[in-house]
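Peer 1: The structure that follows is given in the form of structure tokens.
Protein chains: 2
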Amino acid sequence: MRISEVAAMSGLTIDTIRFYEKSGLCPAIDRDAGGKREFSSEDADWLCLLSSLRETGMPTGEMRHFAEMYQVGDATIPERKQLLLEHSDRLKDRRADLDQCEQLLAFKLARYDKILGGK
Amino acid sequence: MRISEVAAMSGLTIDTIRFYEKSGLCPAIDRDAGGKREFSSEDADWLCLLSSLRETGMPTGEMRHFAEMYQVGDATIPERKQLLLEHSDRLKDRRADLDQCEQLLAFKLARYDKILGGK
DNA sequence: TCTTGACATGGAGTGACTCCAGGTCGGTAC
DNA sequence: GTACCGACCTGGAGTCACTCCATGTCAAGA
Chain A
383 MRISEVAAMS
393 GLTIDTIRFY
403 EKSGLCPAID
413 RDAGGKREFS
423 SEDADWLCLL
433 SSLRETGMPT
443 GEMRHFAEMY
453 QVGDATIPER
463 KQLLLEHSDR
473 LKDRRADLDQ
483 CEQLLAFKLA
493 RYDKILGGK
Chain B
383 MRISEVAAMS
393 GLTIDTIRFY
403 EKSGLCPAID
413 RDAGGKREFS
423 SEDADWLCLL
433 SSLRETGMPT
443 GEMRHFAEMY
453 QVGDATIPER
463 KQLLLEHSDR
473 LKDRRADLDQ
483 CEQLLAFKLA
493 RYDKILGGK
């Protein structure tokens, strides 16, 4: 796969994908004879996962750590599992933030409607 | 209220509060005789709202716009309402991102458990 | 009076992109 | 065969939203 295809399916921009490779957040991507990146479907899956993780607030340091453990092999699975479980907790926190913001917005909007309705 | 109290109740850091004031994301804060910021409860509420909005992904440009409209007065309420409604949509998107990530994590974790259990 | 702690300022540094200038390569159009 | 095009490449500068730091002020307690 070409970089533009992976960008389309992962939701990352082409620049972000190159940035992720350069900073070791994903395994190095193979190149074709002309020097262009040639993504395996495994690479593409990896970038989709990264996209989802960053969208939900995982710092890049953690993503890099995850990529490094992946390179090492199955021996790191317990550690990788731990990292994903911790991210799971982060999702809970984010959900709570969303809930709180939603309440606040509902309150504000109700006040606005009251002011507007009273006109 | 002092800046440290507002930081504690809003969840923003002291630095972030100063940064928000400097960049016009909140109305200018009154100072006491010694030049220290003296926050009204209205200021504190405002910063709590900002904290919640930024936590859920509102860009600072939008927050600034919101603050400017607030300064103008009640005439801007329809526009402010619109802005909050748009942020509400953003919350929906974020929730969808969380759901998707949760599914992905569940899938990954199940695979890890399978590998670990099969040992 | 001396020290401590909370505050102030301006400016440099950081994380995570994002954009740009300038260059290569493979394919179609003339 | 060469002119052009679009998609790719690289290195490096720019941006956004903080975050940290050096330095300084000031009120209050020992």
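Read top to bottom, the protein sequences are chains A and B. So in this note's numbering, the last one in the first sequence is 501, and the numbering has no gaps at all. So in this note's numbering, the last one in the second sequence is 501, and the numbering has no gaps at all. Even glycine gets a Cβ: it sits at the ideal position worked out from N, Cα and C. Note that the structure is a prediction, hence the values are computed from the model and not measured.
#1: May I have a chain-ordered list of the alpha helix (DSSP H) segments no shorter than 4 residues that lie completely inside the segment 386-443 of chain A?
#2: What is the residue span of the alpha helix (DSSP H) that A/Gly499 lies within?
#3: Look up B/Arg384 in the DSSP assignment and say whether it is helix, strand or coil.
#4: Answer yes if the segment 456-474 of chain A comes into contact with the segment 388-397 of chain B, meaning at least three C-beta pairs across the two stretches below 8 Å, and no otherwise.
#5: Is the beta carbon of B/Leu466 closer than 9 Å to that of A/Lys490?
#6: What residues of chain A sit near B/Arg446, judged by a beta carbon separation below 9 Å?
#7: Closer than 7 Å by C-beta to B/Pro441: which residues in its own chain qualify, once you throw out the five before and the five after it? Chain order, please.
#8: Leaving aside the five residues before and after A/Leu348 along the sequence, list all residues of the same chain whose C-beta is less than 8 Å from its C-beta, in chain order.
#9: Report the residues of the segment 457-468 of chain B with a CB closer than 8 Å to any CB of chain A, ordered along the chain.
#10: Is the distance from the Cβ of B/Met383 to the Cβ of B/Ala426 below 9 Å?
#11: Compute the Euclidean distance between the alpha carbons of A/Gly439 and B/Ala478, then round it to the nearest angstrom.
#12: Does B/Leu491 come within less than 9 Å of chain A when only Cβ atoms are used?
#13: So that I know if they touch, is there some Cβ in chain B lying closer than 9 Å to that of A/Ser434?
#14: Looking only at its own chain, which residues have a Cβ that is under 8 Å from the Cβ of A/Arg413, when we skip the five neighbours before and after it?
#15: Just the C-alpha distance for B/Pro460 and B/Val454, rounded to the nearest angstrom, thanks.
#16: Would you please verify whether the beta carbon of A/Glu403 is less than 9 Å from any beta carbon of chain B?
#17: Rounding to the nearest angstrom, what Cα-Cα distance links A/Cys430 and A/Met391 in this structure?
#18: Whose C-alpha, out of B/Ser422, B/Glu403, B/Gly406, is nearest the C-alpha of B/Glu387?
#19: Closer than 9 Å by beta-carbon distance: list the chain B residues that pair up with A/Tyr494, in chain order.
#20: Answer with buried or exposed for A/Phe401, where buried requires no fewer than 16 other C-beta atoms within 10 angstroms of its C-beta.
#21: What are the residues of the segment 408-429 of chain A that lie near chain B, defined by any Cβ-Cβ distance shorter than 7 Å?
Peer 2: This is what the structure holds:
#1: Listed in chain order, the complete alpha helix (DSSP H) runs (minimum 4 residues) inside the segment 386-443 of chain A are 396-404, 423-437.
#2: First-last of the alpha helix (DSSP H) with A/Gly499: 459-499.
#3: It is coil, neither helix nor strand.
#4: Segment contact: the segment 388-397 of chain B against the segment 456-474 of chain A, fewer than three CB-CB distances shorter than 8 Å; contact not assigned.
#5: Contact check for A/Lys490 against B/Leu466 passes: the beta carbons are separated by less than 9 Å.
#6: Counting only Cβ-Cβ distances below 9 Å, B/Arg446 has no contacts in chain A at all, with the closest Cβ about 17 Å away.
#7: Shown here for B/Pro441: not one same chain residue has a beta carbon closer than 7 Å to its own, the five before and five after excluded.
#8: Limits of chain A in this structure are 383 at one end and 501 at the other, which puts residue 348 of chain A out of reach.
#9: Under the 8 Å Cβ criterion, the segment 457-468 of chain B contributes Ile459, Pro460, Arg462, Lys463, Leu466, Leu467.
#10: Contact: yes.
#11: Roughly 14 Å separates the two Cα atoms.
#12: By this cut-off, B/Leu491 is an interface position.
#13: At a cut-off of 9 Å, the C-beta of A/Ser434 has a neighbouring C-beta in chain B.
#14: Hits under 8 Å: Arg419, Glu420.
#15: Computed Cα separation, rounded: 13 Å.
#16: Answer no: the Cβ-Cβ gap between A/Glu403 and chain B never drops below 9 Å.
#17: A/Cys430 and A/Met391 have their C-alpha atoms roughly 7 Å apart.
#18: Residue B/Ser422 is the option with its Cα nearest to B/Glu387.
#19: In chain order: Ile459, Pro460, Arg462, Lys463, Leu466.
#20: Around the beta carbon of A/Phe401, fewer than 16 other beta carbons sit within 10 angstroms, so the residue counts as exposed.
#21: Within the segment 408-429 of chain A, no residue places its CB atom closer than 7 Å to a CB of chain B.
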